[in-house]
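In our numbering, the protein residues as written are 49 to 741.
1) Can you check which of these residues, 476, 642, 522, is closest to residue 561 by C-alpha distance?
2) For residue 473, is the classification buried or exposed, using 16 other Cβ atoms within 10 angstroms of its Cβ as the cut-off for buried?
3) Tell me where the alpha helix (DSSP H) around residue 239 begins and ends.
4) Excluding the 5 residues preceding and the 5 following residue 228 in the sequence, name in chain order all residues of the same chain whose CB lies nearer than 6 Å to its CB.
5) Count the other CB atoms within 10 Å of the CB of residue 406; is the residue buried (16 or more) or exposed (fewer)?
6) First and last residue of the beta strand (DSSP E) that includes residue 491?
7) Opposite residue 377 in the DSSP bridges: which residues?
8) Rounding to the nearest angstrom, what Cα-Cα distance links residue 595 and residue 165 in this structure?
9) Quick one: any contact between the segment 370 to 384 and the segment 479 to 493, if contact means 3 or more CB pairs under 8 Å?
10) What number of angstroms, rounded off, separates the C-alpha of residue 586 from the C-alpha of residue 236?
11) Whole angstroms are fine: how far does the CA of residue 273 sit from the CA of residue 307?
12) Near residue 537, which residues of its chain fall below 7 Å by C-beta distance, leaving aside the five closest residues on each side in sequence?
13) Quick one: is residue 508 buried, meaning 16 or more other Cβ sit within 10 Å of its Cβ, or exposed?
14) Can the beta-carbon of residue 392 be found less than 8 Å from the beta-carbon of residue 479?
15) Identify, in the order they occur along the chain, each residue of the same chain with its Cβ nearer than 6 Å to the Cβ of residue 422, setting aside the five sequence neighbours on each side.
16) Residues in its own chain within less than 6 Å of residue 304 by CB, not counting five upstream and five downstream?
17) Closest by CA to residue 742, which one among 257, 176, 173, 277?
18) Sorted by chain position, which residues of the same chain lie with C-beta nearer than 8 Å to residue 324's C-beta, five sequence neighbours on each side aside?
19) Can you give the Cα-Cα distance for residue 181 and residue 268, rounded to whole angstroms?
20) With a threshold of 8 Å, are at least 3 pairs of Cβ atoms found where one atom belongs to the segment 142 to 154 and the other to the segment 116 to 134?
21) State the Cα-Cα distance for the pair residue 426 and residue 434, rounded to the nearest angstrom.
22) Report the option in 293, 314, 223, 242 whose CA atom is closest to the CA atom of residue 271.
23) For residue 120, which of helix, strand or coil comes out of DSSP?
24) Hey, quick one: how far does the alpha helix (DSSP H) through residue 642 stretch, first residue to last?
25) Using CA coordinates, which residue listed in 569, 362, 497 is at the minimum distance from residue 546?
26) Quick one: Cα of residue 302 to Cα of residue 289, how far?
27) Please say whether residue 390 and residue 286 have beta carbons closer to each other than 8 Å?
28) With 16 other CB atoms within 10 Å as the buried threshold, where does residue 215 fall?
29) Hey, how far is the Cα of residue 533 from the Cα of residue 640?
30) Between 176, 171, 170, which lies nearest to residue 161 when the distance is taken from Cα to Cα?
31) For residue 322 and residue 454, what's the separation of their Cα atoms in angstroms?
32) For the candidate residues 373, 484, 674, 632, whose alpha-carbon lies nearest to that of residue 716?
33) Roughly how far, in whole angstroms, is the beta-carbon of residue 556 from the beta-carbon of residue 651, given that I think they are within contact range, below 8 Å?
34) Give the single residue among 497, 469, 163 whose Cα lies nearest to the Cα of residue 529.
35) Which one of 210, 444, 179, 542 has the shortest CA to CA distance from residue 567?
36) Around the Cβ of residue 250, are there at least 16 other Cβ atoms within 10 angstroms (buried) or fewer (exposed)?
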C-alpha cells in the first residue's frame, strides 16, 4: 500500500495523466510485453514550464505537491499557468511572436486540463474558465499583433514603391487589426485583474507588457490614419421611435467629413446589425432610408448604423445610433411543394413563402424537420425559399410530420411554422461480413451495412457474435463500413467458429439484417498477451508507476526507469530481435492498431541505435533524438520523423492515423536497414554492438 507523500502524489499525477490523455509517466502494453527499448522511454512534457522550446529534466512530484496534497498540486498548476501568461506577455512586448503564442499554446492547454481534473477533487473555487478565456484571448492577441506587424511592413513597402492603391487597402486592414488589438488587450488585462483577485497570481509585469504593446500600436495606427484617411461623421434623424416590420424606421441621413464638407452624390454602404444596405447621397450629402426590423431583439432600445467605406476610399467609417421601440409582428409560412412519401436516402424538394400581411420577408433562416429531427435548412430570399432534404435512417417509419419553422425568439418577427403530413416508408437493408483469424484467439472482422437504392448507412450499431456469444458492438462509418478485432469469448472452445453480424434497426425506417461467416482461428494462444491486451494501458500505467515508486523507496534511489545500472551487454541475439519487432509492428498495422505499430517500430529503431548513445537507457525519446543528431548522422531527419510519430502514438489523445503509422513503420525499416548495412556502424559492426536491453 502506498504510504508516503511520494506515493500519494504519484497516484494523483497518474489520475491526472489518465483523465486528460497526457503523460506524466506512461508505458504501453505492447512495449511492456516486448521488453524492448520502448518500455524504457520515459514520458515527458513536450514543452517546459519556462520556455516552450526547451526540454526540462524530469521533476520530483514532492517538489510541487508535498505530502500528496491535492491543494498544493492545484496551486502548482495555477502558478505554472500564471507564469506562462506572464512570459508570453513579455515575449509579445519584445516582438517574439512565435514564442509568445507558444507560452499559451499546447502545454498551457495541457496544464489547464490537469488543473480542471484536480479542482474537481478539491473543495476550493476553480478559476478554470478564467484561465481558459485568458489563454485563448492572449493567443489571439499574439496572432493579431504579429499580423499587424507583417501588414505594416507591407504597407510601408507599398508607400515606398508609390503604390497608393495598395497602401490604402493595407492601411484599412491595419485599422481593423488595430481595433481588434485594442479590444483584446483590454480584455486580457481585465482577465489578469480577475485572476489576481481570485488566486495568488501576480501579473503586474504582464499587465504592463500588454499595456505597452496596445499603446504602441494605438500610436502607430494614429499616424497611419492621418497619412491615409479623412474622418467622417454620420447622422440620422428618424421620423418616429416606435417601429415594426410593418411600420419600418424612416429617417433622413447625412454624411459629411470631419470638417463639415458633404460627401456628395456617392453610393454608400451602411451596416445595420448583420445586414448591409446601399444608399445614395445627394449634392448636400443627404439621403433617406427605410429599415424594417426583422431579427432585432424586442428589448433593443437602439439600432446602430455604421458607414462602411469602399476599400479604395479615402474616408474612414463612422457609426451612429437611433433610439427605437420595437413591436413584434407574426409572419406566415406557406408551403408550396412537399413530398407525400419518403424513404431513406431519397432527396425531396421543399418550397414555400414567408411574409407578413403580404410583405415579403428577406434574409432569414428557416429549419426543416421530420418527426422533430432537423433534416435541412432554407434561407428566405425576397419572401421565397427552396431547399432539398434527405431522410435520415433515425426517423421511424410510418406517418410523420414535416415542419418548416422560423426559429426566432423574442425578435421583431415572431417564431412561426407550418406542417404537413408525410409517410415514411421502410427500406430494406443488407449486411456483408468477412472474418479472418488474427492469432491468439482473435478475429479481425470487416463488413458493410447498406440500404436499397443508396450507399452505405452511417452511424448505426452492429452487434458481432461468435458462435452465438456476444463479442463486440461496432458503429458503421461514413460509407457504412465497420471493422474490429474481437477476442473469442472464453465460452467458445472450438477452432472453427461462426461470426455473425446483427443489425436490429431499432427506432429507424430501416429493416433489420444479419450476416455470418465461418472462421478457423489459430490454435496458438498466449494467456499473458491476452491479459495485457484486455487490460490495456491503464493497469500497466499504474503498475509501472507504483513499481518505480517502490523501487526508489526500497533502494533509496531516484534513477529513471532503465537507468545505466540495468544495462546489458551486446550480443547477436539483439540483432535477430529487430526483425521480429518490425514484423510485429506490421501485424499491428494490418490488425487496425496503428498506435501499437508506430510504437513497436520505434522500439526496433531504439534497439538498433542504442549502442551509439552513451547512457541512452535513461533518455526520453526527444533526448535520445538530440543525442543522436549531435553524433552527426545523415539520417537524423528520419529519426526526427519517427520520433514525432512515436510521440503521437504514445501520448496524443487523438492517436495516430493508419496512414501516418504506415509511414512511420517504413521510416523505421529504413533506419534499421541503414544502420545494419555493411560499413554503416550497425549490428554488423562489432565496434558498435547492439544493447540487448
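Idealized CB from N, CA, C, for every residue including glycine.
Keep in mind the model is a prediction, meaning the values are calculated, not measured.
This is what the structure gives:
1) Of all alpha-carbon atoms in 476, 642, 522, the one lying nearest the alpha-carbon of residue 561 is that of 476.
2) With fewer than 16 other Cβ atoms within 10 Å, it is exposed.
3) First-last of the alpha helix (DSSP H) with residue 239: 212 to 246.
4) Contacts found: 192.
5) Exposed, since its Cβ has fewer than 16 Cβ neighbours within 10 Å.
6) Note, residue 491: beta strand (DSSP E), 490 to 499.
7) Residue pairing from DSSP places residue 377 in a beta bridge opposite 461.
8) With a pLDDT of 40 at residue 595, under the threshold of 50, the modelled position of that residue is not reliable, and the figure given next carries that caveat. Taking the straight line from one Cα to the other gives about 24 Å.
9) Verdict: no, contact absent.
10) Residue confidence for residue 586 is low, a pLDDT of 41 falling below 50, so the modelled location carries little weight; the figure read from the coordinates is stated next. Their backbone Cα atoms lie some 39 Å apart in a straight line.
11) Distance between the alpha carbons of residue 307 and residue 273 is about 16 Å.
12) Contacts found: 514, 517, 519.
13) Under a 10 Å Cβ-count criterion, residue 508 is classified as buried, with 16 or more other Cβ atoms of the shown protein chains found around its own Cβ.
14) Pairing residue 392 with residue 479 gives a Cβ-Cβ distance that is not under 8 Å.
15) The residues are 415.
16) Same-chain partners within the cutoff: 281, 310, 333.
17) The structure shown does not extend to residue 742, since the chain is modelled only from 49 to 741, so the question has no answer here.
18) Sequence-distant partners of residue 324 (beyond 5 residues in either direction) whose C-beta falls short of 8 Å from its own C-beta, in its chain, are 317, 318, 356.
19) When rounded, the distance between both Cα atoms is 28 Å.
20) The segment 142 to 154 is in contact with the segment 116 to 134.
21) In this model, residue 426 and residue 434 are separated by some 6 Å (Cα to Cα).
22) Taking residue 271 as reference, the option from 293, 314, 223, 242 with the minimal CA-CA separation is 223.
23) Helix, per DSSP.
24) Start and end: 642 to 657.
25) Proximity to residue 546 across 569, 362, 497 peaks at 569, based on C-alpha coordinates.
26) Using only the alpha carbons, I get a separation of about 19 Å.
27) Not in contact: residue 286 and residue 390 (Cβ atoms no closer than 8 Å).
28) Its Cβ being crowded by 16 or more others within 10 Å, residue 215 is buried.
29) Taking the straight line from one Cα to the other gives about 8 Å.
30) It is 176 whose Cα lies nearest to the Cα of residue 161.
31) Distance between the alpha carbons of residue 322 and residue 454: 17 Å.
32) Looking at the Cα atoms, 632 is the closest of the given residues.
33) So it is not a contact: roughly 45 Å between Cβ atoms.
34) For residue 529, the nearest C-alpha among the options comes from 497.
35) Looking at the Cα atoms, 542 is the closest of the given residues.
36) Residue environment for residue 250: exposed (fewer than 16 other C-beta atoms within 10 angstroms of its C-beta).
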